[in-house]
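Number of protein chains: 2
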Amino acid sequence: MKVKIVDVAKEANVSVATVSRVVNNIPLVNEETKERVLEAIKKTGYKPNAIARSLKIQRTNTLGIMIPDISNPLYTEMARGVEDICGIYNYNIILSNTDFSPDKEKESLDVLIEKQCDGIIYIGKDLTDEFQEILKNAPSEIVLGNVMDERGDLSSVLIDNESAAYDLAKRAIEKGHKNFALFTDRDGGFTSDKILKGVKKALNEADLSLDEELIIPGNINVKGGYAMMNKLLDSGKDVDIAMTMNDQVALGAIRAAEERGVKVPDDLAVTGFNDYWLSEWVNPEITTVKLPMYDIGAIAARMLIKMCEADEKESKTITCPYEIVERQSM
Amino acid sequence: MKVKIVDVAKEANVSVATVSRVVNNIPLVNEETKERVLEAIKKTGYKPNAIARSLKIQRTNTLGIMIPDISNPLYTEMARGVEDICGIYNYNIILSNTDFSPDKEKESLDVLIEKQCDGIIYIGKDLTDEFQEILKNAPSEIVLGNVMDERGDLSSVLIDNESAAYDLAKRAIEKGHKNFALFTDRDGGFTSDKILKGVKKALNEADLSLDEELIIPGNINVKGGYAMMNKLLDSGKDVDIAMTMNDQVALGAIRAAEERGVKVPDDLAVTGFNDYWLSEWVNPEITTVKLPMYDIGAIAARMLIKMCEADEKESKTITCPYEIVERQSM
DNA sequence: ATATTTCATGTAAATGTTATCATTCAAAAC
DNA sequence: GTTTTGAATGATAACATTTACATGAAATAT
């Protein structure tokens, strides 16, 4: 049988209130009795029941985190950032994979709310109007990670993907590239849109244009990159550079190119997006833009915890800096 | 103010008991009143309070998972396996990073127990006697993931790393390799020990021996691999093959070798361990052994949930199969 | 000496559920 | 017409805490 607060109270010959006081480090308890209670706790092996405690104090010290796929390197860094901050502030994390499925997202959110998470971090690649509405009405505090609430006012911490893509494209233009191909996300989404926009803007400013047929959609992973590059090469079009949405895609693309005898970067430049550790360990090393995914998670968590503790209700959006990192593939 | 069961009861003009019955899908409630209650739930926006429920029924439907580092590809797959199974059986996950720190492990465990997790999955690279004792006495059910309890009887699901290393080394010997180097974990641990043992066994059987000076310890990541290979090459010893404990290490090692003009696999073979998706996308593709990390997580979770639901207390250990996958680096 | 303050402790209500037991009421059985 | 059954519902005691309030004793002030 599990030992509870009344058991240690009996053991120490005090009331449960007193035990509760020493457990929660509330002063106003005599040093000597405190000693006795501590003794009793050790002897009985008492561990407070956080569930009962939460019910009473109406806080769980728990954050819910909705994330598309914890095993996807894109998201795992963010999760770690959240985790580390939670560790510092003594919060726990309930994890929920959503797999980009709206149904799973709704389900997850319900569960997190029912479990009385003090706050919830929503990480995804897009935010539908419908879900925005649902989040807005949630009883828990909400912060969006790497997702923008374009029509609403939910707090969020994100990256200016459009500028990042713009900068990277501009750099490419400066290097003399003129004929661009762009590998986009077949499932669309916020990030993909912004990158497309940024690239187009850079091209426009340089009086270049993007051949719509060279906007090639595919899956955002190595295989997808491999496939998209093959499609590009099959098209027979004249291209200087292929910009991708992600380093893994770039890796797959480079592989496909080299298998067909196309040298990167001499015959064709390739860029990644969202620096991944492996990108400087492959050959050629991938030129990309470094996005501080860990920081996004950490900042979002800190923000959320602040929202939970103070009732500082004003919603903020924080934009994190990125950094173009030029390596060998362009 | 949050709406609770009594609010719904008032709205629907029934007792809380009845509402609870319809929420929990207990029969014996009239179809018409059920309708009315459902209506009231929708109208009030009632969401059951899982905390209160858990307190009453003495179960949380929550699994705790202790994991060294969620952002480490080594562990992230396992986490995903756990997650998926939990999704199916309607459990939630409380995540706790331990960073290989015994102190953090103890802390984590306490928190998970206090939060009344029905079961806990411990993932690590080693199990100290002290912690084994602590786990054995924990009030929650415990399953070890990829960790062996050598002197105890805790349930676990693992891989026969020794055999895997043995098989891989044997394959190397068959290919004519004679002079082995081995890159081990500077921090030691269960996996590292077993691999060393397996390799030695294979060598012994072939009347070969392992030069103790060619057992090179280092960090288990790309940089570590890079450093260990440089150390090996600096030694000037005559070596055919370097076996590593992990694909990332192999990647770093290969890079170091090629930078020094040592061709892999022609001048020197390199093997990885624990197949990682990137290993077939780099050049040369890495020969390794594929360990079903996802499955370990999934099986551990399924086992744990079974232990929580039936009080099937007998402890089991399940060993998962591995597979040598020969690619280009050896 | 009495009144007042301060400190240490105890009592008990409240947190939002579930589940046991009791109750009601109608229909069926006698 | 009375008794029995059984289905539907309600009252309420847990579940393990925290905390506002009450109490009592000792110390201080009057």
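Protein chains in written order, with the numbering used here: chain A, 503 to 832; chain B, 503 to 832. The beta carbon of each residue, even a glycine, is placed where N, CA and C say it ideally should be. Fair warning: this is a prediction, and the values are worked out from it, not measured in the lab.
Contact of A:A755 with chain B is not assigned, every C-beta pair being separated by 8 Å or more.
Secondary structure within the segment 674 to 743 of chain A: the beta strand (DSSP E) runs of 3 or more consecutive residues, fully enclosed, are 682 to 687, 717 to 720 (chain order).
Residue A:K627 holds the alpha-carbon nearest to the alpha-carbon of A:R688 among A:K627, A:G647, A:A708. Of all residues in the segment 572 to 589 of chain B, only I572, S573, P575, T578, E579, A581, R582, E585, D586, G589 place a beta-carbon less than 8 Å from a beta-carbon of chain A.
If you draw a straight line from the Cα of A:S522 to the Cα of A:I507, it comes to about 7 Å. In the three-state reduction of the DSSP assignment, A:I788 falls in the coil class, being assigned neither a helical nor a strand state. In chain order, K549 make up the part of chain B whose C-beta sits under 9 Å from the C-beta of A:D612. For B:Y624, there is no enclosing alpha helix (DSSP H); the enclosing beta strand (DSSP E) covers residues 621 to 625. B:Y591 has its alpha-carbon roughly 27 Å from the corresponding atom of A:P550. The criterion of a C-beta distance shorter than 8 Å is satisfied by B:V766 and B:P786.
Per DSSP, A:L530 lies in no alpha helix (DSSP H) segment and is marked neither H nor E. Contact annotation for A:V724 against chain B: W779, L780, W783 [CB-CB distance below 8 Å, chain order]. Interface annotation, A:S556: in contact with chain B, CB-CB separation under 8 Å.
Using a 10 angstroms sphere on the CB of B:M503, the tally of other CB atoms stays under 16, which defines it as exposed. Apart from the 5 residues on each side of it in sequence, A:V531 sits with its Cβ closer than 7 Å to the Cβ of T520, R523, V524 in its chain, given in chain order.
Annotated three-state conformation of B:G763 is coil, per DSSP. The C-beta of B:I559 has fewer than 16 other C-beta atoms within 10 Å across all chains shown, which makes the residue exposed.
Counting only unbroken stretches of 4 or more residues, the alpha helix (DSSP H) elements lying wholly within the segment 567 to 654 of chain A are 575 to 590, 604 to 616, 631 to 638, in sequence order. Between the alpha carbons of B:D631 and B:L646 lies a distance of about 14 Å. Residue pairing of B:T773 in beta bridges, as defined by DSSP: B:M745, B:T789. Secondary structure of B:E816 (DSSP, three-state): coil. Straight across, the Cα-Cα distance linking A:E533 with A:E513 is about 17 Å. Spanning the alpha carbons of A:T600 and B:E585 requires a straight line of approximately 11 Å. Shown here for B:A758: same chain residues with a beta carbon closer than 6 Å to its own, the five before and five after excluded, namely Y728, M731, N732 in chain order. Here A:P575 is buried. Its C-beta has 16 or more other C-beta atoms within 10 Å. Across the segment 636 to 651 of chain B, CB contacts with chain A closer than 8 Å involve P641, in sequence order along the chain. At least one CB of chain A lies nearer than 8 Å to the CB of B:E616.
At a cut-off of 8 Å between beta carbons, A:K504 contacts chain B. Counting the other CB atoms within 10 Å of its CB gives A:E635 a total below 16, which places it among the exposed residues. Per the coordinates, the alpha-carbon of A:I801 lies some 10 Å from the alpha-carbon of A:S658.
Just measuring C-alpha positions, the residue of A:Y824, A:G774, A:G738 sitting nearest A:M745 is A:G774. If you draw a 10 Å sphere on the C-beta of A:T821, you find fewer than 16 other C-beta atoms in it, and that means exposed. Judged by DSSP in its simplified three-state form, A:T546 adopts helix.
In this model, B:M650 and A:K617 are separated by some 33 Å (Cα to Cα). The Cβ of A:N599 sits closer than 8 Å to at least one Cβ of chain B. Put simply, the segment 735 to 744 of chain A touches the segment 671 to 691 of chain A. At least three CB pairs are less than 8 Å apart.
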